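Some notes on the structure that comes next.
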Amino acid sequence: MISQLFVLSQRGDNIVFRDYRGEVQKGSAEIFFRKVKFWKEDGQEEAPPVFNVDGVNYFHVKVVGLLFVATTRVNIAPSLVLELLQRIARVIKDYLGILNEDSLRKNFVLVYELLDEVIDFGYVQTTSTEMLKSYVFNEPIVVDAARLQSLGPAAIFMQGPKRMPGTAVTKSVVATEPGGRRREEIFVDIIEKISITFSSSGYILTSEIDGTIQMKSYLTGNPEIRLAFNDDLSIGRGGGSGYDYRSSSGSGAVILDDCNFHQSVRLDSFDMDKTLSLIPPDGEFTVMNYRLTQEFKPPFRINPLIEEAGALKAEVIIKVRADFSSSITANTIMVMMPLPKYTTRASFELEPGALGQTTDFKEANKRLEWGLKKIVGGSEHTLRAKLTFSPESHGNITKESGPVSMTFTIPMYNASKLQVKYLQIAKKSGTYNPYRWVRYVTQANSYVARI
Amino acid sequence: MSGHDSKYFSTTKKGEIPELKEELNSQYKDKRKDAVKKVIAAMTVGKDVSSLFTDVVNCMQTENLELKKLVYLYLINYAKSQPDLAILAVNTFVKDSQDPNPLIRALAVRTMGCIRVDKITEYLCDPLQRCLKDDDPYVRKTAAICVAKLYDINAELVEDRGFLESLKDLISDNNPMVVANAVAALAEIQENSARPIFEITSHTLSKLLTALNECTEWGQVFILDALSRYKAPDAREAENIVERVTPRLQHANCAVVLSAVKMILQQMELITSTDVVRNLCKKMAPPLVTLLSAEPEIQYVALRNINLIVQRRPTILAHEIKVFFCKYNDPIYVKMEKLEIMIKLASDRNIDQVLLEFKEYATEVDVDFVRKAVRAIGRCAIKLERAAERCISVLLELIKIKVNYVVQEAIIVIKDIFRRYPNTYESIIATLCESLDTLDEPEAKASMIWIIGEYAERIDNADELLESFLESFPEEPAQVQLQLLTATVKLFLKKPTEGPQQMIQVVLNNATVETDNPDLRDRAYIYWRLLSTDPEAAKDVVLAEKPVISDDSNQIDPSLLDELLANIATLSSVYHKPPEAFVTRVKTTAQRTEDDDYPEGSETGYSESPSHAAEGSASSPTSSSNAPYSTARQPAPAPPAPAPAAPVPDLLGDLIGLDNNAIVPVDQPASPTGPPLPVLVPASTGQGLQISAQLTRQDGQIFYSLLFENNTQIALDGFLIQFNKNTFGLAAAGPLTVPQLQPGTSATTLLPMVMFQNLSQGPPSSLLQVAVKNSQQPVWYFNDKISLHVFFTEDGRMERGSFLETWRSLPDSNEVSKEFPGIVVNNAEAAIDRLGASNIFFIAKRKHANQDVFYFSAKLPRGIPFLIELTTAVGTLGVKCAIKTPGAEMAPLFFEAIETLLAG
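These protein sequences, in sequence, are chains R and B.
The first sequence runs 14 to 464 under the working numbering.
The second sequence runs 19 to 922 under the working numbering.
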């Protein structure tokens, strides 16, 4: 069971501190912060999420720059505590609309009330926003959303020119709209994170998609919902040891390696018609997580090249090609490449007429950074960089630079081809027609090309 | 409510407290509520608002739940400092516990349980009794947890009032939340009690498995964890359980998944059908891999667990090595764990793929990660003989890139590879020598020097190479000096020419006269004497063939692995340490009075924290940080110098040296103890200081009970204690608390002990060597005898059935018996009680001819059972004791213990 729970700011200030069992000393937050800040053990400079100092076990997760920490003295399940800390952050976000230092401080009474219902004597009671609503009475004070960064994957929809309608993703599940009535709406977000490694010759060494279907419901009366997926969806890579089994690409079938579901999800007819039914609890929650290693078409091809050009000079050429439909636009693209330590200068040359592109050579960690505001499907972009090296001896420049890594967000695109065919809401009346938003987005997790 | 709560933080110019007081007594409800909020705000930032106690309590009688909760919050925080005033709240509490609104009933009981004031606790019992049988499940589930709270304050009260029975009844409750909380509360109570309270029978098992399906995700974890203590009687039931638990693997909550994995792994041990086991392994793989898609924090926990699982069942993830390839953006702690697992899963089939990855990692930016990747290549070479050559060629490629730390790390692992495959890869030495002058890290230098010495006869210019190091000999770190010394001797023995002869003079001179490092000096003298008396003998010693080292990637000791696997999904499996090595929760109700405050704000300084910290860690392991890695990872095999420095008992060395693992300062008052202790250092030997000591077991913990009597003419202080390595790895778990001892006074203390800390090798021995030191006297060494019975754990009681089964399952070679001709049992019941008090549990008794045969069970930590059969005729001299145990080597110690117990 958990002894204490606290939330610290990035500077180590105590924003929330709740002691459930009084068996760990009060200075624990201070001890924790110092330990994490000056971590240096086993040659690592980043503290692992679980560690022990003087018989007290500390667990922590980072959520939007805040440290959520729990302590205990007993041999508890760490996965439970870490998962709980994430959920607490999410519950608070559900209530406050926005999670940050300011909103926590403004709503401290509500936050303590929540924490008292979530945990009793160190034992988790519930983390369901839906259930908590019957026991929690304070009303949230909503802080100004516009200037604040919000939490959670839904936030990614807010960037770029194709802004989603409404500010629903940052509104509280309990606060009423200024007009007095709540807007009936439901968001279903299919978020995929791609990890891929290209070999130096451009082959795909490893590839994986981690997908999540998030739902956030603002429907009154919690009606039942049906979600239908593509008919050719299947789970498990068939029989046998399965490792080398790959469906031939192009056949179109979506085969998930594994997936798991929120406990409200009923799978009665999943095998037959690929539909899920559920009664969504209020607040944001994960309907389903899935993982897929089936071959898929990577959205970007990266083609890096580095060539020696004289004794102390080299040229880097990076080509990025967008392998998706021209109706889709990727945004906030960043391409990064570590350069040899003895690089002293880099001068860049962009293609003629390039718009919204930035280049930078980060002197401190010798890294090249190429930012692109957007890339339209089907297009290709090139960066040339001339490097100058210091005269001191140096080894193999190819081995000492790279790999090239890339981050991006592609709205309305998903690499796995998993589709929500329809989202059905049990009707209460003929005129009841809530807003439904089904949104896709693909992001880079670890998107790397070796040199 | 309108406006911002933060306004409550603003201070007023006028005296704050009087103003709040006024507002708290306002006739307007809203104003009172706002005032209470202001009070709470002040409390969270650490201001003392306890003087408003009466005024706040006056606001308690309200129908407004929001306000009531705030008042309760205040009460929890200040009731202890105002116990007399707290009684004012009792009436309202008791009234609230009968309120028609179930939320208020629950709130009253929940809050009363959090107030650790005796007067309140007295009044808690009746409301609690009612609430446990309340109609509303929310009230019942709150009451269930409250029983655990009460047990923590006053265990007797819980037992006397029959709350345990009510709690057990709640296991059959129709609401799954209530069931889950009852299970959690019972599990905690069991944890803190020596008596069996919460035993899982097959009946409770089936009830809990049913509740599992309806519980909240967190309740599922409580239930799975409680059930994991259940030992299925046979394979069929184990399969049944597994079948019921397997669907949990699909849960989105990773805590549920890991607890289910734990449960399945445990039942798998009983399942005999290989088909079933194979099938289960196949089912577990995808969910385990899916955990690696969670947040990095969860990934870390999953990886630490997977590390253990693949050591026991390598097949589960044998085909999944790709998922452990590091991602570019993984946090460093995740990358490091992935490397470990990649090494474990590396095989002849996938090694090419793996090497390609390692090679890539070795050119990344993060230095620590790069080093570990280089080392990983070496470990694969040592592990996979057929791949060794490929590994070495990758290492050579890396050396050619000439990144300094890569080269140094590569040389360190190549030294290990040479030890694994002697006389196989010397051809690469030339390449290594090219980097000689760039080496600046001691370990790399020492490794290179070892290689030169070991292969001196094949390196033409070995003498020149070594000579280049000699100039700086006095400045080198000890590690390098030792290797230089040994390498020069090897060189001289292999090439006894003039050059090496001069070198050896220089080195021996440097290492004996010019140094103050005793290890170096001792080793040099031994070489010197060997060389001057019998060079042939020196050859035999120094150039002796070294044992081939083996792969260290499966380095967890099998018995520890067993224990860690039984603790999958807990902290223990993340630290890779048995729970007793880091769990230090002590029941000290008294100590808490100051400590359990409510919210603590950011503005409070922690000026008091040092003293609290000392208090809190009084019985914790003394190493300042038990970070997860420290025990699990042993360093790569040490440089194989023939280490002639004799291992003199080094108690003194350690005591004076810096091994702060067991040295603890003395600055705390002693606690009193009971019966007289055996004198181990009489005043005559201790220059007036007499030390008596004995190991004891109390509340499931081992203590070293000590009595110091000062018969000298001076005050003694600064007591320190240290234990030498011993069979059970006993070591001090906390500071030795002895105050300054004035002449003619004495002090007793209870020193908490931990096991498995400094284990000695060799056959089991009851010898416990202790050194005690104080600031005024020399170090006193004494020997104590470990009596095995202090280790017998409280959970050693066996069911009759499992006793018989275990007895049958153990081979006869594990049976040992001994006669005690001088012992007589006059009263069977008394003897049984006496053994029971030492956790040797009576199981059954039968008549055999004119003798009685008694059966007992006991258990050592890490689950080693002892099955005991005592045969005697009551009232007649002579007892025969036969034991059967997997730890038969402990038999002599066991007989000593039982003889003492029976005679006592």
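Cβ coordinates follow ideal geometry from the N, Cα and C atoms, glycine included.
Quick caveat: nothing in here was measured; it's all calculated off a predicted structure.
Can you pull the chain B residues whose beta carbon is under 9 Å from the beta carbon of residue i, in chain order?
| i | result |
| --- | --- |
| residue 63 (chain R) | 315, 318, 319, 322, 589, 592, 593 and 646 |
| residue 459 (chain R) | 344, 345, 346, 347 and 348 |
| residue 312 (chain R) | In chain order: nothing, as chain B lies at least about 17 Å away. |
| residue 408 (chain R) | 418, 419, 420 and 421 |
Classify residue i as helix, strand or coil using the three-state DSSP reduction.
| i | result |
| --- | --- |
| residue 918 (chain B) | helix |
| residue 281 (chain R) | coil |
| residue 764 (chain B) | strand |
| residue 413 (chain R) | helix |
| residue 780 (chain B) | coil |
| residue 108 (chain R) | helix |
| residue 269 (chain B) | strand |
| residue 16 (chain R) | coil |
| residue 297 (chain B) | helix |
| residue 899 (chain B) | strand |
| residue 719 (chain B) | strand |
| residue 233 (chain B) | coil |
| residue 221 (chain B) | helix |
| residue 744 (chain B) | strand |
| residue 807 (chain B) | helix |
| residue 543 (chain B) | helix |
| residue 873 (chain B) | strand |
| residue 794 (chain B) | coil |
| residue 344 (chain B) | coil |
| residue 426 (chain R) | coil |
| residue 52 (chain B) | helix |
| residue 239 (chain R) | strand |
Can you say whether residue i is buried or exposed, counting buried as having 16 or more other CB atoms within 10 angstroms of its CB?
| i | result |
| --- | --- |
| residue 119 (chain B) | exposed |
| residue 269 (chain B) | buried |
| residue 51 (chain R) | exposed |
| residue 69 (chain B) | exposed |
| residue 805 (chain B) | buried |
| residue 87 (chain B) | buried |
| residue 864 (chain B) | exposed |
| residue 28 (chain R) | buried |
| residue 254 (chain R) | In this prediction, residue 254 (chain R) has a pLDDT of 36, which is less than 50 and means its spatial position is unreliable; what the coordinates show is noted afterwards. By the 10 Å Cβ count, residue 254 (chain R) comes out exposed. |
Which chain R residues are close to residue i, counting only those with a beta carbon under 7 Å from its beta carbon?
| i | result |
| --- | --- |
| residue 268 (chain B) | 273 and 274 |
| residue 273 (chain B) | 90, 92, 93 and 96 |
| residue 351 (chain B) | 57, 59 and 61 |
| residue 243 (chain B) | 90 |
| residue 202 (chain B) | 136 |
Any Cβ of chain C within less than 8 Å of the Cβ of residue i?
| i | result |
| --- | --- |
| residue 208 (chain R) | Absence of chain C from the displayed structure is noted, the protein chains being R and B. |
Applying a beta-carbon distance threshold of less than 7 Å, which residues of chain B neighbour residue i?
| i | result |
| --- | --- |
| residue 223 (chain R) | 311 |
- Mind pulling the alpha helix (DSSP H) runs of 4 or more residues that sit fully within the stretch 93-152 of chain B? 101-114, 120-132 and 136-150
- Segment contact, 8 Å Cβ cut-off, at least three pairs: the stretch 37-49 of chain R with the stretch 318-337 of chain B: no
- Message: Using 8 Å as the cut-off, can you tell me whether the stretch 111-129 of chain R makes contact with the stretch 340-354 of chain B, which would need three or more C-beta pairs spanning the two stretches below that distance?
- Response: no
- Query: Would the stretch 561-570 of chain B and the stretch 59-71 of chain R be scored as touching if the rule is three or more Cβ pairs under 8 Å?
  - Reply: They do not touch, by the three-pair rule.
- Task: Decide if the stretch 331-345 of chain R is in contact with the stretch 343-351 of chain B; the criterion is three or more beta carbon pairs, one per stretch, under 8 Å apart.
- Result: no
- Inter-stretch contact (C-beta, 8 Å, three-pair minimum) for the stretch 194-205 of chain B and the stretch 232-243 of chain B: yes
- Three or more C-beta pairs below 8 Å linking the stretch 402-414 of chain B and the stretch 439-449 of chain B: Contact between the stretch 402-414 of chain B and the stretch 439-449 of chain B is established, with three or more Cβ pairs separated by less than 8 Å.
- Determine, using beta-carbon pairs with one atom in the stretch 219-230 of chain R and one in the stretch 299-307 of chain R, whether at least three such pairs fall under 8 Å. yes
- Message: I'd like to know if the stretch 150-169 of chain B and the stretch 200-217 of chain B are in contact, where contact means that at least 3 CB-CB pairs between them fall below 8 Å.
- Response: Yes, the stretch 150-169 of chain B is in contact with the stretch 200-217 of chain B.
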